[in-house]
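Data first, discussion second: the structure below is written as structure tokens.
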């Protein structure tokens, strides 16, 4: 009997050791796969970023090929049926938009953008599945912000100063506002992923983003980066109690008063002038959007159209400084369908977690003031944030 027990014990131990080795091998294999996917996503981000830096047509072509090849890899690796159907729906929706658009000269570009959005949707879903979203968000944040700071130090070393004109040369053919928008997008994405998966907030990253926004002098960038920082402080220290929230507001007021006292009136006024904050809401954007709405008719609503009827927009080379208006002008009613789906998802988010809702809203507000998304090189980031949540009975979670 004793011998039988020893044999049984040895057999159990052997089996357990075999299981441990199997689990270890599987875990090691998964880690290697996650690392490869992280490298792929990071490479795509770098290519997209360099498209902004150098402009031209070669790098955007490389980006398009990289996105399409990556989407093929995603399909081979496997994706949920409902996610694939959603991506196909968007593809045919925008291809239909390309068919009916009144912007015939842009039809080929619209078709290309349709396939890139299809690939972006697939990649955003797969980004969640492969559990690399946090590491990828950290990489995208560090790469974009360190590149900007490197540019600042380079200008200080070579020219002894930095100014608005130098910042406008960071991205080829784009102003400093687009730089600020990209930095904000990576910051919001880092906040979103770390809060959701690790239940933590990197306040140092949010402070760095606000610092970069101040250097770039943009009003919307500064205000929204400051809003993200306040939201981060709230989540980290004050979430869940009204009293702590009141203390936070008091601290903010005190910090502003102390800053004003330290800087002095002249320095404070000079800082406001440089950042354009002193101009308040004095911006040509509102005139552009007003002319766009006033001249909207049935044909433009369904088929899109050029901006010849808006002198304010044409004065800026046909740039409405609004990602949503630009999309509607290209895709007509198909853009309205996408907007409706986005609004539906926002209602889903606000029922899920108010913090997540505010983060995506901050990003959408930024998209409302400049054309850098819908469609852009980093659409998969906001798609991941907006469409990544799933619901299982009463539990809402990110599929991992």
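Numbering (our numbering), first residue to last: 614 to 1013. The beta carbon of each residue, even a glycine, is placed where N, CA and C say it ideally should be. For clarity, every value in this text was computed on a predicted model and none was experimentally measured.
- Assigned with DSSP and collapsed to three states, residue 925 falls in helix.
- About 6 Å separates the beta carbons of residue 814 and residue 808, which is inside the 8 Å limit, making them a contact pair.
- Contact annotation: residue 972 and residue 804 have beta-carbon atoms nearer than 8 Å.
- Annotation: the stretch 902-979 contains the following complete segments of the alpha helix (DSSP H) (minimum length 4 residues), in chain order: 911-916, 924-927, 936-944, 946-965.
- The three-state reading of DSSP puts residue 813 in coil, since its state is none of H, G, I, E or B.
- Scanning the stretch 716-767 from its first residue to its last, the whole alpha helix (DSSP H) runs of 4-plus residues come out as 720-742.
- Straight across, the Cα-Cα distance linking residue 675 with residue 946 is about 30 Å.
- When the beta-carbon positions are compared, residue 784 and residue 665 come within less than 8 Å of each other.
- Residue 724 is positioned such that its CB atom lies no closer than 8 Å to that of residue 714.
- Here residue 902 is near residue 938, since their CB atoms are less than 8 Å apart.
- Taking all protein chains shown into account, residue 696 has 16 or more neighbouring C-beta atoms within 10 Å of its C-beta and is therefore buried.
- Residue 771 carries a helical assignment under DSSP once its states are collapsed to helix, strand and coil.
- Residue 661 is positioned such that its CB atom lies no closer than 8 Å to that of residue 981.
- With fewer than 16 other CB atoms across the displayed protein chains lying within 10 angstroms of its CB, residue 909 is exposed.
- Here residue 989 is buried, its C-beta having at least 16 other C-beta atoms within 10 Å.
- Where residue 689 is concerned, the enclosing alpha helix (DSSP H) starts and stops at 671-690.
- In the DSSP assignment, residue 992 falls within the unbroken alpha helix (DSSP H) covering 992-1000.
- Residue 766 counts as exposed, since fewer than 16 other beta carbons sit within 10 angstroms of its beta carbon.
- DSSP places residue 714 outside any alpha helix (DSSP H), giving it a letter other than H or E.
- A straight-line Cα-Cα distance of about 15 Å links residue 741 and residue 683.
- In its chain, beyond the 5 residues on either side, 780, 781, 829 have a beta carbon closer than 6 Å to the beta carbon of residue 789.
- DSSP places residue 777 in the uninterrupted alpha helix (DSSP H) bounded by 777-780.
- Under the DSSP assignment, residue 845 falls in the alpha helix (DSSP H) whose first and last residues are 832-846.
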